[in-house]
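Here the structure comes first, spelled out in structure tokens, and everything after it is commentary.
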Amino acid sequence: MDRKKILVVDDELDLVVMLSMRLEANEYQVSTAFDGQDALDKARTEKPDLIILDLMLPKIDGYKVCRMLKFDEKYKYIPIILFTARTQESDIKLGQEVGADAYLTKPFEPQVLLEKIKELIK
């Protein structure tokens, strides 16, 4: 069986390492990016099955990355989970407006994240 590929994008190294280990332990193939530009480049070249995307990123913020991918015919099918410490209703609404498939807040429950991934990757 082909392992599904997940792109994890966050500028917090410890979080990326922890998430990568947990996802790999659940049989996912993981690739990482630490800023918005790198995230866009990797999404376009690697075409992951799902993207876990922080909002507050260097170079290009997560909202813009999400919007650029979701409004592009070639990449709009990739499910994107916005993954952030921002919990304001306006932040969540903006996440929906840029096309995010899910919005999870940090700190997070790992099992909730895994269930959301399974729901979005068929």
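All residue numbers for the sequence shown refer to the working numbering, where the first residue is 2 and numbers rise by one.
Using N, Cα and C, we set each Cβ at its ideal position, and we do this for glycine too.
Review point. When you compare only the Cα positions, how much space is there between L57 and S91?
Key: In the sequence on display, residue 57 carries Met and not Leu. Their Cα atoms are separated by approximately 15 Å.
Point to revise | Own chain residues within Cβ distance below 6 Å of I61, not counting five before or after | key: G37, Q38
Point to revise | Any beta strand (DSSP E) of 3 or more consecutive residues that is wholly inside the segment 48 to 107 | key: Within the segment 48 to 107, the runs of beta strand (DSSP E) at least 3 residues long that lie entirely inside it are, in chain order, 51 to 54, 81 to 85, 103 to 106.
Review point. If we call anything under 8 Å between Cβ atoms a contact, is D12 one with D55?
Key: yes
**Study point:** Start-to-end residues for the beta strand (DSSP E) that takes in I7
**Key:** 6 to 10
Check your understanding: Considering E13, what are the terminal residues of the alpha helix (DSSP H) in which it resides?
Key -> Note, E13: premise wrong, no alpha helix (DSSP H); not H, not E.
Review point. Thinking just about the alpha-carbon of each residue, which of K94, L83, Q97, K48 is nearest to the one in Y76?
Key: Proximity to Y76 across K94, L83, Q97, K48 peaks at K48, based on C-alpha coordinates.
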